[in-house]
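Quick note, my numbering runs 280 ahead of the 1-based positions in the sequence shown.
Heads up, the beta-carbon is just placed ideally off N, CA and C, and yes, glycines get one too.
Quick caveat, the model's predicted, so the values are computed rather than measured.
Just below is one structure, and these are the notes that go with it.
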Amino acid sequence: MAEQSIGMATGTGAAYGDGNVGSGYASSRMTAMETKTLSDGVLQVGGELAMTGVGTGTLTIADGAAVVNGYFYENTSSAGIVISSLANKTYNVVLLVNATAGSIAVSRSVAGTTVGTYSVRLAVYDGTPAVPYILLGTVQVAGAVIAASGIVHSYAMYGTTTQLPYQSYATMSGGTATLTTANTSYDVAGYSSSSVTGDNIFSVNTTTGEITVRRIGLYLVNAYGNFTSGTTGNRVLAITLNGTNIQSTRMASSGGSTHTMTQTSLIATTAVTDVIKITTISSLAAQSYASGVFTISRA
281 MAEQSIGMAT GTGAAYGDGN VGSGYASSRM TAMETKTLSD GVLQVGGELA
331 MTGVGTGTLT IADGAAVVNG YFYENTSSAG IVISSLANKT YNVVLLVNAT
381 AGSIAVSRSV AGTTVGTYSV RLAVYDGTPA VPYILLGTVQ VAGAVIAASG
431 IVHSYAMYGT TTQLPYQSYA TMSGGTATLT TANTSYDVAG YSSSSVTGDN
481 IFSVNTTTGE ITVRRIGLYL VNAYGNFTSG TTGNRVLAIT LNGTNIQSTR
531 MASSGGSTHT MTQTSLIATT AVTDVIKITT ISSLAAQSYA SGVFTISRA
């Protein structure tokens with residue numbers, strides 16, 4: 281099964297929606313039910329319509345489902361939209377409703393340059409559609425391919441799962457830092473493992489120790505690790521947002537060879553490219569930090 285949709289005019293047969301089967305239904309009641317029970321937006325199933333394809337001429341959109349103005353959309357496999365013929369600029373990526381008997385012109389769709397009659401379809405659109413739609417994000421075209429960092433997801437509207445509540449999170453473990461100079465900030469980096477939910481809200485970089493947050497909102501951040509040398513002096517464990525210290529704790533050494541610290545902060549992000557990191561400071565030179573764990577979840 282590929283793309284399909286239901287919720288057009290009352291009746292049966294292909295003229296009333298390519299997902300319509302059975303003895304018919306009242307469209308107004310159907311769309312009201314979908315909107316009021318599932319809300320209007322991407323549903324938390326499958327690949328959640330996540331976008332990939334940087335450096336190529338095709339925008340690939342993962343499987344998923346959505347409710348758009350009460351109309352249901354579903355795709356059980358990834359879909360490709362060829363963007364190589366488009367002019368260099370940034371386009372909106374939308375799920376667009378065509379509840380009419382005529383086609384709607386778009387910059388690009390899975391099928392070509394139109395969205396067919398009585399359907400809900402993925403499309404790349406230059407500007408804002410005049411029909412109901414939800415915005416999945418934007419794609420920047422440069423030289424017939426998707427530009428580096430040219431895919432930006434927008435999750436301003438999100439549906440809900442009818443099962444257990446969905447949790448978005450990212451975590452890295454095994455981070456280290458070498459604190460060569462006293463009273464100098466050092467990033468925790470070189471994490472040995474990571475885990476991240478597949479909704480593209482977070483991306484992790486285990487080498488640099490960065491977690492990028494792509495949805496504006498409120499997040500709970502936790503840092504944990506061991507200062508593994510030095511039995512005197514003070515230690516600082518801090519959480520930074522775009523290089524600025526958001527919250528930190530300074531503690532005197534416990535007097536043992538391993539000084540464990542935990543730092544938790546509630547952070548409000550303001551941009552879709554905000555970067556969060558963990559940093560450390562020691563009042564003694566030639567110290568070290570190990571077994572670092574960095575976790576972030578949507579509050």
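**Q.** Cα-Cα separation, ASN506 to THR560
**A.** 11 angstroms
(Q) Going by DSSP in three states, ARG388 sits in which element: helix, strand or coil? (A) strand
**Q.** Nearest-angstrom beta carbon gap, SER357 and ILE341 [assumed within contact, 8 angstroms]
**A.** Not quite, the Cβ-Cβ distance comes to about 10 angstroms (not below 8 angstroms), so this is no contact.
Q.
To test your reading of the DSSP string, which unbroken beta strand (DSSP E) runs of 3 or more residues are found completely within the segment 506 to 552?
A. 514 to 521, 524 to 532, 539 to 548
Q | ILE426 beta carbon less than 8 angstroms from that of LEU339 | A | yes
Q: Sort out for me which residues DSSP pairs ILE361 with in a bridge.
A: LEU339
Q) Are the beta-carbon atoms belonging to GLU536 and THR456 less than 8 angstroms from one another? A) Reading off the sequence, residue 536 comes out as Gly, not Glu. In this structure, THR456 does not lie closer than 8 angstroms to GLY536 by Cβ.
Q. In terms of alpha-carbon separation, which member of ASP406, ASN463, LEU329 lies closest to LEU564?
A. ASN463
Q.
My output table needs one value for LEU632: the three-state DSSP class, helix, strand or coil.
A. The chain is shown from 281 up to 579; residue 632 falls before or after that span and cannot be answered.
**Q.** Own chain residues within Cβ distance below 7 angstroms of THR511, not counting five before or after
**A.** SER533, GLY535, GLY536, SER537
Q. Span of the beta strand (DSSP E) holding ARG401?
A. 399 to 405
**Q.** Residues that DSSP places opposite ARG494 in a beta bridge
**A.** Partner(s): none; ARG494 has no beta bridge.
Q.
Only counting the same chain, and skipping five residues up and downstream in sequence, which positions put a Cβ closer than 8 angstroms to that of VAL468?
A. GLY455, THR456, ALA457, GLY489, ALA503, GLY505, LYS557, ILE558, THR559, THR560, TYR569, GLY572, PHE574
Q.
Taking the alpha carbon of ILE384 as the reference point, which residue from TYR466, ALA345, LEU402 has its own alpha carbon closest?
A. LEU402
Q. What's the gap between the Cα of THR393 and the Cα of ALA548?
A. 39 angstroms
**Q.** Per DSSP, the bridge partner or partners of ASN355
**A.** GLY344
(Q) Can you list, in chain order, the residues of its chain with a C-beta nearer than 7 angstroms to that of VAL395? Leave out the 5 residues immediately preceding and following it. (A) LEU376, ASN378, SER383, ILE384, VAL386, SER389, ARG401, ALA403
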